[in-house]
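Right, one structure below, let's go through it.
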Amino acid sequence: MAYPPLPAETRIGHVHLKVANLDRAIEFYRDRMGFDLLVNFGTAAFLSAGGYHHHIGLNTWESQNGAPPPAGTTGLYHFAINYPERRDLAAALARLLDTGWGIDGASDHGTHEAIYLHDPDFNGIELAWDRQPNEWPRRNGQIVFDRKPLDFASLLAELGGPERSEQLAGLAAYT
């Protein structure tokens, strides 16, 4: 039986993560990432942006004081947080820089700009801003994903304000 494709408006609604320390995870997603804490049940918490019921669920039901999975095992590689405007991605990067949270890498994929990091439990996170589909690079009708260096200076210039030359120098290794 042939099934119809998913509607174009289909979205992944939220991610629910097992964490070792709920308070530490809340601090990261609320204070460093900017999500609003909606509910904290003591062993689980739900965070959101813009009034949605929840974008991120956190729990310690099976993982309290646990260790991250070892390298070479299956599981979550990363989840992406997509920002509506390039300026919003710049603000997310500035928040990370200002709070001293490091990044793992960054890239201009042609289709989108991406910054990679991990949370305190080593869950991978991609912060992304998508270009319009008519701007995506294509070859022979197929979308091409680039791995070009992300222009951090151009991205942070979206915010205006003072130069961040010291912070930019520290980011050079991640492009």
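Reading the sequence shown from the start, the letters are residues 1 to 175 in UniProt numbering. All C-beta atoms, glycine included, are put in the ideal place defined by N, C-alpha and C. All of these numbers come straight from a predicted model, not from anything done at the bench.
For residue i, the residue or residues it bridges with in DSSP
{"i": "Q142", "result": "R139"}
{"i": "W61", "result": "Answer is none; W61 lacks a bridge partner."}
{"i": "I115", "result": "A106 and L127"}
{"i": "V15", "result": "I56"}
{"i": "N134", "result": "According to DSSP, which records beta bridges pairwise, N134 is partnered with nothing at all."}
Within 8 Å, strictly: CB atoms of residue i and residue j
{"i": "H89", "j": "E126", "result": "One point to set straight first is that residue 89 is Leu, not His, in the sequence displayed. Taking 8 Å as the Cβ cut-off, L89 and E126 do not qualify as a contacting pair."}
{"i": "L37", "j": "L22", "result": "no"}
{"i": "L6", "j": "I26", "result": "no"}
{"i": "H14", "j": "H55", "result": "yes"}
{"i": "A91", "j": "L168", "result": "no"}
{"i": "L155", "j": "R164", "result": "no"}
{"i": "T111", "j": "I81", "result": "no"}
Own chain partners of residue i with C-beta closer than 8 Å, once the 5 adjacent residues on each side are dropped
{"i": "E62", "result": "K18"}
Status (buried if at least 16 other CB within 10 Å, exposed otherwise) for residue i
{"i": "M33", "result": "buried"}
{"i": "D151", "result": "exposed"}
{"i": "Y83", "result": "buried"}
{"i": "H53", "result": "exposed"}
{"i": "A71", "result": "exposed"}
Own chain residues within Cβ distance below 7 Å of residue i, not counting five before or after
{"i": "A153", "result": "L168"}
{"i": "A45", "result": "L22, I26, L37, V39 and L58"}
Sequence-distant residues of the same chain with beta carbon closer than 6 Å to residue i, five excluded per side
{"i": "Y29", "result": "F35, L47 and I56"}
Do three or more CB pairs link the segment 131 to 139 to the segment 96 to 103 at distances below 8 Å?
no
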